[in-house]
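In my numbering, each residue carries its 1-based index in the sequence shown increased by 6.
Cβ coordinates follow ideal geometry from the N, Cα and C atoms, glycine included.
This report refers to the structure that appears directly beneath it.
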Amino acid sequence: MSGVEFAERMGTPDTHALYGTVLMFSALAYLVIAGGWLLLERRDGASAGVHKGLAGVSAVASVGILVLTVLTGHSGASAAWSGTTAEPATLASPAPVQSTETTPSATATPTAGTPATPTTEASQTSADYTMAQVAENNSAASCFAAIDGNVYDLTDWISQHPGGEDRILALCGTDATSAFEGMHDGDQRPQDQLAAMLLGPLVS
């Protein structure tokens with residue numbers, strides 16, 4: 007499995023990436039310290055205090071590198087095995103599109119604390135969606151997103167997304183083109199999964 011496929015199924019292991027970056031720079035610093043100590047050991051001009059000082063710093067750095075190595079490996083293993091790797095359930099087909107002649111009625115603005123729910127006209131009788139309609143469906147109960155000129159219903163996909171629900175909830179009610187292409191650009195499988203959730207084209 008490639009790194010891109012891993013990220014699609016499990017999400018990006020941020021903690022593991024952070025430890026890996028710190029470990030890399032720490033290893034470079036340790037190389038400089040240990041190299042300096044080795045050079046001084048081969049010379050007779052340096053004082054005993056300098057020798058002991060660098061030796062002590064090298065020893066402490068060795069322990070630090072060992073701890074970082076363990077943390078990096080552990081965080082990577084946790085990211086790989088703590089979540090589910092099961093294939094997502096088959097996505098439900100979107101509601102069939104009926105006549106495009108009927109003009110959808112405006113969706114009422116939800117009251118505070120009430121999740122937005124798409125109207126029957128907006129979800130079944132119209133093939134066209136405006137950005138205002140998308141913005142109204144911005145919760146876990148009804149999650150629409152505009153991607154590359156089309157509108158998609160991501161509601162059922164929230165709980166199935168391998169990278170976690172929060173990544174989908176952040177897209178609800180927005181134009182998610184940049185976010186989707188930034189993560190899945192060129193990957194066929196996410197494109198196919200998204201196509202199953204198509205509602206219709208986005209119109210101005």
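- Contact between the stretch 188-205 and the stretch 158-175 is established, with three or more Cβ pairs separated by less than 8 Å.
- Taking a C-beta distance under 7 Å as the contact criterion, Thr75 and Gly26 do not qualify as a contact pair.
- Excluding sequence positions up to five before and after Ala35, its CB lies within less than 8 Å of the CB of Ala67, all in the same chain and listed in chain order.
- In the structure shown, the three-state DSSP call for Ile153 is strand.
- Taking Ala61 as reference, the option from Asn143, Pro207, Ala182 and Trp43 with the minimal CA-CA separation is Trp43.
- When only Cα atoms are considered, Leu37 and Val63 end up about 12 Å apart.
- Under the criterion of beta carbons closer than 8 Å, Val209 and Asp134 qualify as touching, at roughly 5 Å.
- Secondary structure note for Gly206: it is in no alpha helix (DSSP H), and the uninterrupted beta strand (DSSP E) holding it is Leu204 to Val209.
- Taking the CA atoms as reference points, Asp191 sits about 9 Å from Gln197.
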